[in-house]
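Participant: UniProt numbering puts the first residue of the sequence shown at 1, with every later residue one more than the last. Handing you this structure, nothing more for now.
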Amino acid sequence: MLDSTDELYDLTSWLLILEKVVEQSANMVVITDAEQRIRWVNQTYTRVTGWSLDEVQGRRAGEVLRGPLTDRRVSQRLGNQLRLGRSVSGAEMINYRKNGEPYTVTLNIEPIRDGRGQVLAYFSIQSDVSERRALESANVQLQHHLQVAQRLARLGRVEFNADTKSMQWSSEVYSILELPEEGTPKTFRDLLKYVCPEAQQDLQLRLQRVMQTGDEFDHELPITTHRGRRRWVRCRGVPERHGTGIRSPGTWTIQDVTVYRELLEQKRLTNEKLQAMVEERTRHLEEANQSLEAFSHALSHDLKKPIRHMVSYAQIVQETLASDDIATARAYCHKIVDAGMRMQSLIDGMLEFSRMGRRGISPVWVAMSQLGKDCLGDVAASFQDRPFCVTGLESLPEVWADPVLLREVWANLIDNAFKYSAEQALTRLDFACDVTHGDWTLSLRDNGCGFNDSMHSHIFQMFGRANPDAAIAGDGIGLALCQRIVQAHGGRIWAESVPGEGSTFYVRLPRRMTGSNFGDL
């Protein structure tokens, strides 16, 4: 049985491990006690706010982050929610960095309760959304410019004489059409010929409708000026009642709305960019939530399991030592060591998975055949007594990718092929390549034990294993890491398998990579 000192040591070590994992988060993480005093922050918090853990520990967030622009009502509402032990989701407010610079932050806060339901602490994930808010502010400013452009827009006037069928143009109309002013009267046809061909039919239909209903004509349409430049104009006119009939408007206004249209296009592009940022941020938050769920699963099952084994074995050792059964005690000591190594492997895998998320992608042209040979040599060295044969490796192409990250993918796939074919007299590795919809589809087929289709989605999750056999080494992290790397390259990874007949893993990568193909790890 472990004494209290050992338990305290284990708890301290475990907390240090948790701290390393949370430090990898791209979001700010803050842990407070039940009185909402800060107990711990991660490095992202320090980088964003400028406040270190030593400076804020024991203080309330409002003491160091609030400022003139902070909405007191939002702060009060948050405080009320937390005092009632409720969660806070998606709250937004203005905080201040240590240097006095304001920034906008969204907060998600969850209470942590003991077995009796009492709040012990609060766990908060915070995101700096200042850039998005700045873009929204620019959008508002753009709308203001739009209104100014409308007030200052140029207006031309066209007077139509129904008796002579002629028109008198103001100088501004000539300016809009980039025509030299002439004394010769212009006709309605002279004006219509500057309308772009694609708008001619719609214009005629609108004019006919106006002559039937007597409603005001108000329409924006594209024109091509005398100098060949494309512009947008707004035409307005009210038909005149003549006896029992309706005749064309006697006066038209022609307004150059090109700037207005350009601003509308800028606004549309800005909105699209803003929407893309929101969707990207939402995707990151969803991925972060999924990672937290996987981490919670690890805490509740995968990491606790070896700890339970170690405690059980230690109790057995204690009992056998009391009976002087040294041989049995020694055997269970080995089991304790194995359980500890299993736990260390899981922790190392979690840290590797998290650390990979912070690494950027540096693509170059990579010869997949040579990369495969290098990985095969490294993996085979760990299985020196295992005969194997390889086919198709020379057929693999060059791809535009990060060689370090792609090496992780092939090393994991080859290692799995060796591990899961342990029952075979000879390990077979068949490489192949195909072009699918313009992308490379690389594959590796083995002659291992295979798995059921129902396990397909499970094997690419954190701690997911296709075969629960404890005799097959592995921590269930390798394929999750492979999927993360391949998706960051704009690709896809999947598997096909038949129990007892081996498995085939496919990696699809774009043949032509651009900046837009690459995502975040």
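The beta-carbon is built from N, C-alpha and C at its ideal position, and this holds for glycine as well. Computed from a prediction, not measured in an experiment: that's the story for all the values here.
Anyone know if the C-beta pair for residue 450 and residue 499 falls short of 9 Å?
Facilitator: Position 450 of the sequence shown holds residue 450. Position 499 of the sequence shown holds residue 499. Against a cut-off of 9 Å, the Cβ pair of residue 499 and residue 450 comes out as a contact.
Participant: Would you kindly report the start and end of the unbroken alpha helix (DSSP H) that includes residue 174?
Facilitator: As a first step, residue 174 is located in the sequence shown; it is residue number 174 there, counting from the start. Residue 174 -> alpha helix (DSSP H) spans 171-177.
Participant: Count the other CB atoms, across all protein chains shown, that sit within 10 Å of the CB of residue 202; report buried if there are 16 or more and exposed otherwise.
Facilitator: Numbered from 1 along the sequence shown, position 202 holds the residue referred to as residue 202. Exposed, because fewer than 16 other Cβ atoms sit within 10 Å of the Cβ of residue 202.
Participant: Is the stretch 380-392 close to the stretch 415-423, with three or more CB pairs under 8 Å?
Facilitator: Yes, the stretch 380-392 is in contact with the stretch 415-423.
Participant: Could you check where the beta strand (DSSP E) with residue 156 kicks off and where it finishes?
Facilitator: Taking the first residue of the sequence shown as position 1, residue 156 is located at position 156. Segment 155-161, the beta strand (DSSP E) holding residue 156.
Participant: Cα-Cα, which of 128, 89 and 110 is closest to residue 101?
Facilitator: Position 101 of the sequence shown, counting from 1, holds the residue named residue 101. Answer by Cα proximity: 128.
Participant: Note down the Cα distance separating residue 165 from residue 188, rounded to an integer number of angstroms.
Facilitator: Within the sequence shown, numbered from 1, the residue matching residue 165 stands at position 165. Within the sequence shown, numbered from 1, the residue matching residue 188 stands at position 188. Answer to the nearest angstrom: the Cα atoms are 8 Å apart.
Participant: Quick one: what does DSSP say residue 389 is sitting in, helix, strand or coil?
Facilitator: Reading the sequence shown from its first residue, position 389 is the one you call residue 389. Residue 389 falls in the strand class under three-state DSSP.
Participant: Tell me the residue span of the alpha helix (DSSP H) that contains residue 410.
Facilitator: For the purposes of this step, residue 410 is taken as the residue at position 410 of the sequence shown. Residues 403-419.
Participant: Compare the C-beta of residue 276 against all C-beta atoms of chain E and say whether one is closer than 9 Å.
Facilitator: In the structure shown, chain E does not exist; there is a single protein chain.
Participant: Contact defined as beta carbons within less than 8 Å: I believe residue 234 pairs with residue 257. What is the distance between those atoms, to the nearest angstrom?
Facilitator: Translated into positions along the sequence shown, residue 234 becomes position 234. Translated into positions along the sequence shown, residue 257 becomes position 257. About 5 Å; that satisfies the 8 Å criterion.
Participant: In or out: residue 402 buried (at least 16 other Cβ within 10 Å) or exposed?
Facilitator: Position 402 of the sequence shown, counting from 1, holds the residue named residue 402. Flag for residue 402 reads buried.
Participant: For residue 432 and residue 392, which I take to be in contact (beta-carbon distance under 8 Å), what is that distance rounded to the nearest angstrom?
Facilitator: Counting from 1 along the sequence shown, the entry for residue 432 is found at position 432. Counting from 1 along the sequence shown, the entry for residue 392 is found at position 392. Rounded, the Cβ-Cβ distance is 5 Å, consistent with contact.
Participant: Could you give the distance in angstroms between the alpha-carbon of residue 313 and the alpha-carbon of residue 328?
Facilitator: Translated into positions along the sequence shown, residue 313 becomes position 313. Translated into positions along the sequence shown, residue 328 becomes position 328. Straight-line Cα distance between these residues: approximately 11 Å.
Participant: Check each candidate in 388, 265 and 366 and name the one with the smallest Cα separation from residue 142.
Facilitator: Sequence index remark: in the sequence shown, residue 142 carries index 142 (1-based). Of the listed residues, the one whose Cα sits closest to residue 142 is 265.
Participant: Is the beta carbon of residue 61 less than 9 Å from the beta carbon of residue 36?
Facilitator: One-based indexing of the sequence shown puts residue 61 at position 61. One-based indexing of the sequence shown puts residue 36 at position 36. Yes, Cβ-Cβ distance for residue 61 and residue 36 is below 9 Å.
Participant: Quick check on DSSP: helix, strand or coil for residue 471?
Facilitator: Here residue 471 refers to the residue found at position 471 when the sequence shown is read from its first residue. Only weak support exists for where residue 471 lies, its pLDDT of 49 falling under 50; the coordinates are left without a value.
Participant: Measuring alpha carbon to alpha carbon, tell me which of 122, 27 and 108 ends up nearest residue 114.
Facilitator: Here residue 114 refers to the residue found at position 114 when the sequence shown is read from its first residue. Nearest of 122, 27 and 108 to residue 114, Cα basis: 122.
Participant: Using the rule of at least 16 other Cβ atoms within 10 Å of the residue's Cβ for burial, across every protein chain shown, is residue 446 buried or exposed?
Facilitator: Numbered from 1 along the sequence shown, position 446 holds the residue referred to as residue 446. Answer is buried; the Cβ neighbour count reaches 16.
Participant: Secondary structure at residue 323, three-state DSSP: helix, strand or coil?
Facilitator: Sequence index remark: in the sequence shown, residue 323 carries index 323 (1-based). Three-state result, residue 323: coil.
Participant: Residues bridged to residue 54 by DSSP?
Facilitator: Within the sequence shown, residue 54 is the residue found at index 54, counting from 1. Note: residue 54 sits in no beta bridge, so no partner.
Participant: Going by C-alpha distance, which of 214, 384 and 269 is nearest residue 243?
Facilitator: Residue numbering aside, residue 243 sits at position 243 when the sequence shown is read from its first letter. The option with the nearest alpha carbon to residue 243 is 214.
Participant: Pick helix, strand or coil for residue 27, following the three-state DSSP scheme.
Facilitator: On the sequence shown, position 27 is the one that residue 27 refers to. Three-state DSSP puts residue 27 in coil, outside helix and strand.
Participant: Are the beta-carbon atoms of residue 545 and residue 192 separated by less than 9 Å?
Facilitator: Shown here, the chain extends from 1 to 521; a query on residue 545 therefore has no answer.
Participant: Spatial neighbours of residue 523 within its chain, please: CB distance less than 7 Å, with the 5 preceding and 5 following residues excluded, ordered by chain position.
Facilitator: Absent from the model: residue 523. The displayed extent of the chain is 1 to 521, so no value can be given.
Participant: Starting from residue 126, follow its DSSP beta bridges and name the residues at the other end.
Facilitator: By 1-based counting over the sequence shown, the position of residue 126 is 126. Answer is 28 and 107.
Participant: So, is residue 489 buried or exposed, given that buried needs 16 or more other C-beta atoms within 10 angstroms?
Facilitator: Here the question's residue 489 lines up with position 489 in the sequence shown. Result: buried.
Participant: At which residues does the alpha helix (DSSP H) containing residue 189 begin and terminate?
Facilitator: Counting from one through the sequence shown, the residue named residue 189 turns up at place 189. Start and end: 188-192.
Participant: Terminal residues of the continuous beta strand (DSSP E) containing residue 497?
Facilitator: Here the question's residue 497 lines up with position 497 in the sequence shown. Counting along the chain, the beta strand (DSSP E) containing residue 497 begins and ends at 492-497.
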